[in-house]
């Protein structure tokens with residue numbers, strides 16, 4: 001019997017992944033770059049237990065049992081077992097034991113905060129720990145959820161698209177660790193939204209099939225932007241970093257809109273946030289804030305530590321919290337300063353509650369094993385300690 | 001003394017114009033194609049009076065005096081006078097007389113319904129009538145407002161980008177007249193919107209300067225789509241016409257979004273309308289409705305006469321009118337049929353009033369002179385009959 005529990009971070013792409021060249025192996029059409037967010041504020045947590053007593057692989061996700069027949073889950077466990085068997089040679093009895101997995105996010109899945117990336121990264125990392133698998137795990141996590149491969153390291157991470165047909169060279173690697181740019185801060189703006197979401201998997205696939213602009217983006221726009229982004233990160237040139245981050249977010253959403261039928265992820269509040277950022281930067285004469293949006297309406301803002309108080313103060317003025325929301329800013333503690341004095345900034349203020357709440361966090365490290373007697377999500381029988389009755 | 005009054009139509013592009021290669025001459029980066037809408041429902045009306053008694057060129061637009069020093073207005077009057085002088089030879093005394101112009105739209109300018117296109121087309125057409133100018137007027141109207149050149153003819157009109165530096169070959173020409181596809185109907189959906197608008201002139205210019213995707217659109221996407229659109233119109237292939245119209249609208253808005261800072265014209269209601277159209281078409285198994293959006297949130301739907309009753313009925317179910325709105329559907333009379341029976345169609349219904357009202361119209365003819373003693377907007381002294389006190 002063996003039980004391990006790990007946590008893994010969320011990552012936010014600043015050069016976006018949108019479009020696969022191989023659906024089954026999850027091989028992307030372009031390189032992408034992300035920042036790994038601190039696990040202090042947001043993480044997935046996974047407990048893996050391997051036991052000769054188990055009769056079946058089982059999985060509980062956020063308190064609900066899910067099927068391991070999901071092909072992406074099945075691929076991850078199969079690949080880990082294959083590696084474990086290769087390493088163990090003939091003594092591979094342990095590899096044949098069944099596994100119980102229990103996983104939770106400490107943030108709402110519905111918030112659309114790249115929960116699958118953290119989840120798959122945590123699953124693969126935990127399975128690897130349980131089975132004693134060494135070496136690159138990113139090419140396994142990638143097959144669970146593409147962007148999960150970028151959650152296996154801290155700091156700033158590049159997922160190389162690779163060129164091999166089998167995807168062996170489509171792996172993620174750290175560009176700069178979490179101490180490279182310690183002033184970098186992140187605000188996740190959770191936006192009110194009523195719409196039904198187009199899944200990123202199906203939106204992406206349709207974009208590849210129908211968008212005339214996506215082909216141009218992946219071939220002619222992203223390669224140079226990736227180089228420029230690495231240089232901006234290396235130089236810690238925030239102005240340039242912000243410009244590239246903003247442009248790449250809009251380029252991705254442009255290609256999603258150019259899809260037939262269109263895949264629309266940003267809503268009026270998202271666009272109002274983007275507008276706020278442009279006005280704020282214009283007022284400062286230099287880019288102080290960057291925004292990026294994934295396949296949902298929530299904004300992710302990047303900014304430097306010294307600018308957080310005034311940006312948060314200005315944000316609260318333009319997007320007043322709902323009167324009943326008592327913890328509008330969560331995460332890292334911060335003193336809000338009065339809003340910037342600029343009449344041009346305030347288009348509104350908008351009605352209250354358009355932004356539900358803000359998570360204040362920073363760039364952090366990769367997954368890690370957590371120790372202690374009470375950290376596990378499974379009990380000694382391999383059953384979840386917390387189950388939602390169904 | 002000479003007084004003429006003319007009316008000119010609105011046009012709606014199905015292949016969009018977005019981006020100039022010459023700002024001053026208003027030369028576009030690609031061909032565009034539009035449908036001219038019937039003047040019965042929407043038109044600009046302009047009275048031009050030329051008199052030796054006038055001391056100054058004067059202009060009243062929707063009841064407010066405007067300056068003729070506006071360079072675009074100045075260009076139009078200068079070009080007309082140049083042509084008139086060329087035609088009149090030495091007897092050009094009349095050409096030197098000053099002009100009074102009064103122009104009105106019979107629809108709200110604020111509705112963002114391409115009012116400048118109808119307005120400049122009407123101005124140039126009326127001036128030409130007053131000064132007896134013959135020949136192509138589209139290259140003059142184009143210098144007032146690019147898309148105005150497409151309002152000088154009825155039916156379906158193509159604006160050729162041309163290749164000459166002086167713009168002489170950047171003219172609009174009729175592809176098919178208004179009787180070619182008599183079943184074609186148009187619904188203008190006027191959408192509630194609170195946002196401040198980015199002008200299309202400045203949005204377009206920024207797109208040319210900053211959008212990586214626009215270059216690809218104008219060079220590699222629009223040329224083939226233009227050919228396909230002409231063929232679809234020729235064959236009266238509605239399914240294909242709708243696909244091309246929808247794709248081109250989204251492609252244009254994608255490039256606007258790819259601009260730095262982004263130019264966002266569609267809002268949540270616009271996207272909900274697009275979603276409604278895709279659901280409706282999917283339910284029918286064939287494209288019954290096309291949507292297109294200009295530089296604003298209002299939708300323009302194309303559909304065939306036989307489908308209007310059910311589409312309107314379905315639209316009213318999904319987007320309920322505001323209870324106080326007593327004439328939700330205006331223009332051509334129509335019987336609404338019950339909504340389509342399809343649970344998938346109705347995402348909502350949305351809160352009432354998201355669509356303010358609908359104008360039901362059809363493809364129509366070009367500008368024309370209107371006769372009669374009481375048609376003029378100027379009195380015998382050359383002053384507007386209706387002035388808004390300022």
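Chains as they are written, first to last, in full-length UniProt numbering: chain R, 1 to 390; chain C, 1 to 390.
Just so it is clear, CB atoms sit at the ideal spot from N, CA and C, and this is done for glycine as well.
Check: Enclosing beta strand (DSSP E) for residue 148 of chain R [first to last residue]; Outcome: No beta strand (DSSP E) contains residue 148 of chain R, which DSSP labels as neither H nor E.
Check: Residue of C:242, C:262, C:229 minimising C-alpha distance to residue 243 of chain R; Outcome: C:262
Check: Residue 42 of chain R (DSSP reduced to helix, strand or coil); Outcome: coil
Check: Contained alpha helix (DSSP H) runs [length at least 4] in the segment 229-258 of chain R, N- to C-terminal order; Outcome: 238-257
Check: Contact residues within the segment 256-288 of chain R, judged by C-beta distance below 7 angstroms to chain C; Outcome: 257, 258, 260, 261, 262, 264, 267, 268, 271, 274, 278
Check: Short CB-CB distance (under 8 angstroms) between residue 352 of chain C and chain D; Outcome: No chain D is present in this structure, whose protein chains are R and C.
Check: Straight-line gap, residue 21 of chain C to residue 159 of chain C (C-alpha atoms, nearest Å); Outcome: 14 angstroms
Check: Extent of the continuous beta strand (DSSP E) to which residue 13 of chain R belongs; Outcome: 11-15
Check: Interface flag, residue 314 of chain C vs chain R, CB-CB below 8 angstroms; Outcome: no
Check: Residues within the segment 234-251 of chain C neighbouring chain R, beta-carbon criterion of under 8 angstroms; Outcome: 243, 246, 247, 250, 251
Check: Alpha-carbon to alpha-carbon, residue 363 of chain C and residue 182 of chain C; Outcome: 8 angstroms
Check: Expected contact under 8 angstroms - CB spacing of residue 214 of chain R and residue 255 of chain R to nearest Å; Outcome: 4 angstroms
Check: According to DSSP, residues forming a beta bridge with residue 168 of chain C; Outcome: BP columns for residue 168 of chain C are empty, so no partner.
Check: Residue 273 of chain C versus residue 266 of chain C - alpha carbon distance; Outcome: 10 angstroms
Check: Any 3 or more C-beta pairs closer than 8 angstroms across the segment 91-103 of chain R and the segment 47-57 of chain R; Outcome: yes
Check: Min CB distance residue 15 of chain R to chain C below 8 angstroms; Outcome: no
Check: Proximity of residue 36 of chain R and residue 151 of chain R at Cβ, strictly below 8 angstroms; Outcome: yes
Check: Minimum C-alpha distance to residue 330 of chain R - residue among R:136, R:312, R:285; Outcome: R:312
Check: Distance CB(residue 309 of chain R)-CB(residue 289 of chain R) smaller than 8 angstroms; Outcome: no
Check: Under the three-state DSSP convention, the category residue 26 of chain C falls into; Outcome: coil
Check: C-beta contact flag for residue 299 of chain R and residue 369 of chain R at 8 angstroms; Outcome: no
Check: Chain-ordered residues of the segment 87-110 of chain C with a beta carbon less than 9 angstroms from chain R; Outcome: none
Check: Cβ-based burial, residue 268 of chain R [other Cβ within 10 Å; buried from 16]; Outcome: buried
Check: Spatial neighbours of residue 357 of chain C in its chain, beta-carbon cut-off 8 angstroms, leaving aside the 5 residues before and after; Outcome: 190, 321, 325, 327, 328, 329, 330
Check: Nearest-angstrom Cα separation, counted from residue 146 of chain C out to residue 238 of chain R; Outcome: 39 angstroms
Check: CA-to-CA distance, residue 163 of chain R to residue 134 of chain R, given in whole angstroms; Outcome: 24 angstroms
Check: Three-way DSSP call (helix, strand, coil) for residue 369 of chain R in this model; Outcome: strand
Check: Residues that residue 159 of chain R bridges to, as DSSP identifies them; Outcome: R:32, R:172
Check: Coil, strand or helix - residue 56 of chain R by DSSP; Outcome: coil
Check: Under 9 angstroms by beta carbon: chain C residues contacting residue 318 of chain R; Outcome: Those within 9 angstroms of residue 318 of chain R in chain C number zero; the least Cβ separation is about 14 angstroms.
Check: Chain-order list of residues whose beta-carbon lies under 7 angstroms from that of residue 251 of chain R (same chain, five-residue window excluded); Outcome: 217, 221
Check: CB contact check: residue 180 of chain C to chain R, cutoff 8 angstroms; Outcome: no
Check: The segment 121-133 of chain C in contact with the segment 71-85 of chain C per 3-pair CB rule at 8 angstroms; Outcome: yes
Check: Backbone CA spacing between residue 118 of chain R and residue 121 of chain C [nearest angstrom]; Outcome: 58 angstroms
Check: Simplified DSSP assignment, three categories, for residue 357 of chain C; Outcome: strand
Check: is_contact[residue 218 of chain R, chain C] using C-beta, thresh 8 angstroms; Outcome: no
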